[in-house]
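Chemist: FYI, the UniProt record's numbering numbers position 30 of the sequence shown as 30, with every residue one higher than the one before it.
For each residue, glycine too, the CB sits at the ideal point set by N, CA and C.
Quantities reported herein were computed from a predicted structural model and do not represent experimental measurements.
Once you've had a glance at the structure underneath, I'll fire off some questions.
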Amino acid sequence: MLKNYLKIALRNLLRNKAYSAINIAGLATGISACILIFFYVKDELTYEHHFENYNQIYRVVTDINVQGQQDKFARSPAPLAAALQKTYPEIQKVARLLPIGKQTVWLEDKAFNEEDLFFADSTFFDIFSYEFLKGNPHTALQNPRTVVISDRLAEKYFGSADEALGQVLQFSKNAHVVTGVFKDVGQTHIKANMFLAERTLKYSAIDSANYSWFGMNWFTYILLDSPRQEKTFQSKLDRLYNQEVAPWTEKYNVSARLKFMLQPIAAIHLNPDRTYDISPAGNKSYVYIFGLVAVFILLIACINYMNLATARSTKRAREVGLRKVVGAHRSQIIWQFVGESVIITLLAILLAVAAVEIMLPFFNGLTGKNFTHGAFLQFSFIGTLAAIVLFVGLIAGSYPAFFLSRFKPVDVLKTAKNPHGNAFFRKGLVVVQFTISLILVSGTLIVYRQMQFLKNSELGFHKEQVLVIEVPIGDTTLTNNLPKVKSELLKQPRVQKVSTSVQIPGKRTSRALVQVEEKNHVIEKTMAAMFVDYDFLDLMGIRLLEGRNFLKNNPSDKKGAYIINEAAARELGWKNPVGRKLVMGEYDSSTVIGLVKDFHYTSLHHQIEPLIIALAPTPPVYLLVRLKPDYLPETIQTVEAIWKTYDPKHPMEYYFLNENFSQQYRSEEKMLAVFGYFAGLTILIACLGLFGLTSFTAEQRTKEIGIRKVLGSSVTDIVILLSKDFALLVFISIILACPVAWYGMHYWLQEFAYRLPIQWWIFGLAGIAALLIAMLTVSFQAAKAAWLNPVKALRSE
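Here it is as structure tokens:
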């Protein structure tokens, strides 16, 4: 029986090559898009899953409440880990990480600027089961001045992981022995190239500075006996605060209150609600949106198949009637048509997998991922393909199967006409297809407009033509010579201004507790802080509204003077802030000397928050050079030559401020690209179906077209006759798509503090584009039918 079904199915596919090709092409296009989106969604949802006992690993995060103002930190105080280990036996292990940013690493006489370095407790690899290619993970960080490196760095420095063990790397003139090489894994929030032993800090000045209950510098992780302990352990964290932290706050008269919370590590990547995290988080909304897009695309492909199969019911009606006459049961006929659908789906999947293989490098570039061909061999992928075969085979084949199997032999053998009209259902499916397509096209246009708004909005400072050079940390070679470097740069005719700073717009700012004494009470707020030099405001073009800038000939500015923005003045309730006093962090009370106009030092996702600008008490992190717009490559070469004069050991690493600021919108750019391509795919798939449906409609009305031409109808009349019904369906789709697209995109725009309103013309433009494409598709087939010789058309009947 199965062999017979297979023969008949293949025979029908070969007999109707054009319609089979349209069906297979439409399904293959939809399935290939689904496979790519599946790779992306699975990757985003399975962060940290490669670690053993990942569901028992938690990060302890901190909420700080200062007089009703709450800040959520991903980090926690350094003393917390020891207090947890001492107090709670249900914790198997506790470990901390301290990020140390970019460092210059020396291998003999070669210098490398490396990012993503961390100090780690010796127990870190007892919690996180990194795969070690060399070394023992349980002892690798037990001794001070030891380091564990990634396989990528091992290959870069030593040629292979086998040669790395026991080698010596220099950090800030201190030798560190390589005691382990771990395999780099992408699906984790800990983007690390190196882990240095935390015990090394006992020999540095960093050690004492990080043991305050309000020093939010460390990431603290715990391994519990069971994931079921999470809820009960939360109440224990509250008691820990009362026992350990509350006496400390009373002793130092600190009004801020801390609350420690458990965060499952598997939830970190898609929950970007905490500041000062290790790496940029993903976006849960985008993952769900892409998943929904995959379902939409597959649904459109299924609708194509259902439409064409039911449209051709007249051709298959006699076959069904004859089968029933010779004794076939309805269930057998149903299985026959479902089987055909499954075979078409299998052929489409083979084509889709081949297409995905070709498109994978392009998709990696689009999404910033690194999917490899090994993904095709994973059990989850094979299971997904099987699910797609069943889903598409049953969904796409079910309605045609049930529709055709209900024909009565007497009716279908008496006439070639379809005894049961199904035109209304087919039209409904076309409306669904174009509604989905229009939703995606409208969404793409709205995302594009918002992206243009974000990139072109006035930020309150001049970000163009600013060269940002990162100053090597931990090496005073260049730092000591910075005044000379600045002087030398300013002599260059194509250099306009030079400045240094610890923070820049678009990068993470510091956060500080600010205290202001009023008549009867003390106001405490947490505010962002930027530490700069005397020329920063001038170089950035930040507008000074009141007061003055920092002055080099005024020694009191170096000891303590602040410039605040308008948001800070509003937050503190100051109408005339210049001359007022405030205390920031551990510094003495100092005077506000200036008020600057609000500017966007973070992305437009966020409102402009209160900001304090102060002269940097520590060596700068950035050297900023404003260049004239002409001859940029030559000017950069000149700057590099001056750099090498004063610091020949370190390579000059630079980027432009405007490009760096735009990096904050990377996830939106990915969404725009993915939306754009997949919106185009939905239109393509819908038009493939429309092409096939128009071909069949023209074929069914061949005699009518012939008679109309004999009676004097022009080609244009025939095209309008065959196109007007489809135009009406697209109009209905526009009406249905508009409110759905508006609601969805309105929800998405809420992620931005600054956004463009949704304009009605966007939906009009999307509708006109869809209508034109649909009409071109229909008109091509309609014109082809209209040009047919009426004599041949009438003879064919």
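1) Is the beta carbon of residue 46 sitting closer than 8 angstroms to the one on residue 187?
2) Rounded to whole angstroms, what is the Cα-Cα separation between residue 196 and residue 609?
3) In the segment 575–659, which residue ranges form an unbroken alpha helix (DSSP H) of at least 4 residues, counting only runs that do not cross its ends?
4) Since residue 593 and residue 548 are thought to touch, with beta carbons under 8 angstroms apart, how far apart are those beta carbons, to the nearest angstrom?
5) Around the Cβ of residue 620, are there at least 16 other Cβ atoms within 10 angstroms (buried) or fewer (exposed)?
6) Specify the secondary structure class of residue 554 as computed by DSSP and reduced to three states.
7) Please classify residue 445: is it buried, with 16 or more other beta-carbons within 10 angstroms of its beta-carbon, or exposed?
8) Would you kindly check if the distance between the Cβ of residue 599 and the Cβ of residue 461 is under 8 angstroms?
9) Between which residues of its own chain and residue 647 is the CB-CB distance below 6 angstroms, once the five residues before and five after are set aside?
10) What does a CB cutoff of less than 7 angstroms around residue 184 pick up in its chain, not counting 5 residues either side in sequence?
11) Smallest Cα separation from residue 138: which of 341, 164 and 93?
12) If I'm right that residue 120 touches residue 81 with Cβ under 8 angstroms, what's the distance once you round it to whole angstroms?
13) Can you give the beta carbon distance from residue 22 to residue 688, rounded, assuming they're within the 8 angstroms contact cut?
14) Rank 103, 447 and 664 by C-alpha distance to the C-alpha of residue 763 and give the top, closest one.
15) For residue 89, which residues from the same chain have a beta carbon less than 7 angstroms from its beta carbon, with the 5 sequence-adjacent residues on both sides left out?
16) Is it right to say residue 564 is buried, meaning 16 or more other beta carbons lie within 10 angstroms of its own, or is it exposed?
17) For residue 248 and residue 85, what's the separation of their Cα atoms in angstroms?
18) By Cβ distance, which residues of its chain are closer than 7 angstroms to residue 265, with the 5 residues on each side in sequence left out?
19) Restricting to Cα atoms, I'd like to know which of 719, 713, 143 and 767 is closest to residue 732.
20) Which one or two residues does DSSP pair with residue 93 in a beta bridge?
21) In the structure shown, what three-state DSSP assignment does residue 348 receive?
22) From residue 630 to residue 664, what distance separates their C-alpha atoms?
23) Since residue 502 and residue 536 should fall inside the 8 angstroms C-beta cutoff, what is the C-beta to C-beta distance between them, to a whole number of angstroms?
24) Where does residue 341 fall in DSSP's three states?
25) Just checking my contact of residue 262 with residue 233 at CB under 8 angstroms: how many whole Å lie between their CB atoms?
26) With a cut-off of 8 angstroms on the beta carbons, I'd call residue 682 and residue 300 a contact; round off their distance for me.
27) DSSP state of residue 174, grouped into three classes?
28) Suppose you measure from the CA of residue 753 to the CA of residue 280; what does that come to, to the nearest Å?
29) If you draw a straight line from the alpha carbon of residue 271 to that of residue 672, how long is it in whole angstroms?
30) Figure out for me which residue from 485, 457, 583 and 250 has the closest Cα to the Cα of residue 516.
31) Excluding five sequence neighbours on each side, which residues of the same chain lie with their C-beta closer than 6 angstroms to the C-beta of residue 16?
32) Would the segment 423–435 and the segment 733–744 be scored as touching if the rule is three or more Cβ pairs under 8 angstroms?
33) Can you say whether residue 354 is buried or exposed, counting buried as having 16 or more other CB atoms within 10 angstroms of its CB?
34) So, at 7 angstroms on beta carbons, what are the nonlocal neighbours of residue 658 in its own chain, with the 5 sequence-adjacent residues on each side left out?
35) For the alpha helix (DSSP H) holding residue 566, just list the boundary residues, first then last.
36) Three-state secondary structure (DSSP) at residue 100?
Modeler: Working from what's here:
1) yes
2) 35 angstroms
3) Taken in chain order, the unbroken stretches of alpha helix (DSSP H) that lie wholly in the segment 575–659 and span 4 residues or more are 632–646.
4) 6 angstroms
5) buried
6) DSSP, read as helix, strand or coil, puts residue 554 in coil.
7) buried
8) Yes, the Cβ-Cβ distance between residue 461 and residue 599 is below 8 angstroms.
9) 477 and 478
10) A distance below 7 angstroms between beta-carbons, with the five flanking residues on each side excluded, links residue 184 to the following residues of its chain, in chain order: 150, 151 and 152.
11) Looking at the Cα atoms, 93 is the closest of the given residues.
12) With 8 angstroms as the limit, residue 120 and residue 81 do not qualify as a contact, their Cβ atoms being about 12 angstroms apart.
13) Confirmed, about 6 angstroms.
14) 447
15) none
16) Flag for residue 564 reads buried.
17) 19 angstroms
18) 48, 54, 57, 58 and 59
19) 767
20) 223
21) helix
22) 27 angstroms
23) That pair is no contact at about 10 angstroms.
24) helix
25) The Cβ separation is near 6 angstroms, so the contact holds.
26) 6 angstroms
27) It is a strand residue.
28) 19 angstroms
29) 21 angstroms
30) Considering only alpha carbons, the answer is 583.
31) Once the five neighbours on either side are set aside, residue 16 has no close Cβ partner at all.
32) Contact between the segment 423–435 and the segment 733–744 is present, because at least three Cβ pairs lie under 8 angstroms.
33) exposed
34) 463 and 464
35) 566–572
36) strand
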